[in-house]
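One structure below.
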Amino acid sequence: MKKTVLTIVGILSFAAVDAQVSFGKIQNQIPRSKEGLNVFDVQKNDVPYEGISVDLGGALALQFQGLNSFNDQREGTYTAPNGALISGNAGTGGYRLNNLQNNFNLPAANLVFGAQLADGVRVNLDIYLSSRHHNETWVKGGYLQIDKLDFIKKDFLAGIMKYTTIKVGQMENNYGDSHFRRTDNGNALLNPFIEANIMDSFETEMGMEIYYNREGLVSMIGITNGKLNQGVAEFVASDPTTSAPDPNTTVSPTILAKLGYDKQLNEDLRIRITGSYNHNANMSANPWGSDRAGSRYFGVMSHQAYTYNATPVANNFDPTANASTGRFSPGYANWYTAFMINPFVKYRGLEFFGTLEFTSGGDKKGTDESRSVDQYAADLIYRFGDAEKFFVGARYNIVSGELASQTQKVNVDRFEASAGWFMTKNIVAKLAYTNQNYSDYSQTSGNSLNDLYGGSFEGIMFEAAISF
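In the numbering used here, each residue carries its 1-based index in the sequence shown increased by 30.
In structure tokens form, the structure reads like this:
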């Protein structure tokens, strides 16, 4: 992969000497700098087409982490309420959470290639150079964006395409508005906080999205093949069992839709509200557990090695294998339906962004009742100074719902306060305090203790991010 990237860079360098190829004259693109703040979905702009143009950009983020984890499990050798004997393993002194050092996390880096291929037609390729879940270089995805159909015939359907955009490829599913404010590996410039929502909705699949945005109307309809990992291998159904007598025999497409209103009412006030729909009847991938970059909270709520009823339980700190620490996934295994409502209000320097997410799903085809998990989040940000280069903010986030592993509902809540400084439109520094709590989790989970039983973590984090 590294050789491939170097080859592409070399080709682009030679292309620069060709008078017919320019750099950076890309149409209808969300800026990767501070100018991209609060730009949702696709946009239309008046960048003229002047022949083939190449886009080359990147993003880098570095965090210093000072977090500590706690729970209500006891250290040492003791008998759990279910009668299991818990003892130390390899000199660990019994069950305990991992102690975390105050130090730097693995830096995250992205690379972006793109090209304006024709008037109203561009291509985009996103690459993760380094991430928590995959330390090596790998491709996030790529897509073709069509804003004009002049390649068919000059001004073909121009009246419709003036407000319409078509995206085709392996790309980030446009479910809700919160993913436009989240951190995407090295791309952390537009997130006023360090992490995304507790239940982080993010997935890349092969598909198509069609947008129609006009005079405040926001609309999108999309369909994907429902697969995070692409392939043509035959789908072989699982053997029927007593608990799942009717296993899936296929993978269904994912259906996406968005409808809303977005208007700058006057110089000071902008109002936006959207509702989004996301459904898959026979799932292959999980939209709340498919971020291959991983969370920003390295190692929180992970344990040292210990013995449970004479059975060794390994240390689960590994940042790659256990990449989603601090996040929550409803863990639907068969089907899901989700709705998300996102209100956004900006009055001068003050902005509010909300997330109301309602999900339901099941784990076995036709044999189990659906479970439900809901999420609520509210961000309040105040931007001030010359060109609003400083900001302070707070977010409160709650997730509540049912897990397949236990009968009672669980609850997770997080408070995060943040302050930041845009040193330039491409560089931001952020300092944040986080406190996250877990309640109503059972003490045991399968053949081990549950790290989230009476759990919490808190502390500060610093992040510096560059995007260009």
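Where a beta carbon is used, it is the ideal one built from N, C-alpha and C, also for glycine.
Please list, in chain order, all residues of the same chain as residue i whose beta carbon is under 6 angstroms from its beta carbon, the five residues on each side excluded.
i           : result
residue 42  : Bear in mind that a pLDDT of 48 at residue 42, under 50, signals an unreliable position, so the number given afterwards is only what the model happens to contain. Closer than 6 angstroms at the Cβ level, and outside the excluded window around residue 42, lie 84.
residue 403 : 360, 389, 431
residue 442 : 228, 358, 429, 468
residue 451 : 420, 459
residue 504 : Since the displayed the chain opens at 31 and closes at 498, residue 504 lies outside it and no answer follows.
residue 375 : 301, 382
residue 232 : 209, 321
residue 70  : 207, 210
residue 219 : 458, 495, 497
residue 96  : 132, 489, 490
residue 407 : 227, 385, 427
residue 368 : 308, 389
residue 100 : 486
residue 2   : Any question about residue 2 goes unanswered here, given that the chain covers just 31 to 498.
residue 244 : 193
Keeping to the same chain, check which residues put their C-beta closer than 7 angstroms to that of residue i; ignore five residues upstream and five downstream.
i           : result
residue 55  : 77, 80, 83, 146
residue 198 : 173, 174, 238
residue 120 : Any reading at residue 120 is ruled out, since the residue's pLDDT is 39, under 50, leaving its predicted position unreliable.
residue 329 : 128, 130, 347, 349, 355
residue 496 : 89, 90, 456, 457
residue 179 : 186, 187, 191
residue 298 : 377, 378
residue 316 : 359, 362
If you count every other CB in all the chains shown that lies within 10 Å of the CB of residue i, and 16 or more means buried, which is it?
i           : result
residue 123 : Residue confidence is low: residue 123 scores 44 on pLDDT, short of 50, so the model does not pin down where it sits. Its coordinate-derived value is still stated next. With fewer than 16 Cβ atoms within 10 Å of its Cβ, residue 123 is classed as exposed.
residue 184 : exposed
residue 304 : buried
residue 275 : exposed
residue 151 : buried
residue 425 : buried
residue 479 : buried
residue 370 : buried
residue 415 : exposed
residue 230 : buried
residue 438 : exposed
Starting from residue i, follow the beta strand (DSSP E) in both directions and report where the run begins and ends.
i           : result
residue 251 : 247-254
residue 182 : Careful: residue 182 lies outside any beta strand (DSSP E) and carries neither H nor E.
residue 436 : Premise fails: residue 436 is in no beta strand (DSSP E) and is neither H nor E.
residue 140 : 138-148
residue 65  : Unbroken run through residue 65: none, as it is neither H nor E.
residue 152 : 151-160
residue 202 : 194-202
residue 411 : 401-414
At what residues does the alpha helix (DSSP H) containing residue i begin and finish?
i           : result
residue 224 : No alpha helix (DSSP H) holds residue 224; DSSP gives it neither H nor E.
residue 191 : 188-191
State the beta-bridge partners of residue i as determined by DSSP.
i           : result
residue 444 : 427, 466
residue 371 : 305, 386
residue 244 : 247
residue 458 : 452, 495
residue 322 : The partner list for residue 322 (beta bridge, DSSP) is empty, contrary to what the question assumes.
residue 287 : 251, 307
residue 342 : 337
residue 269 : Note: residue 269 sits in no beta bridge, so no partner.
Apart from the five residues just before and just after residue i, which ones in its own chain have a Cβ nearer than 8 angstroms to its Cβ?
i           : result
residue 293 : 246, 300, 301, 302
residue 267 : 277, 278, 279
| Three-pair Cβ contact test at 8 angstroms for the stretch 248-257 versus the stretch 274-294 | yes
| said: I'd like to know if the stretch 369-387 and the stretch 316-328 are in contact, where contact means that at least 3 CB-CB pairs between them fall below 8 angstroms. | reply: no
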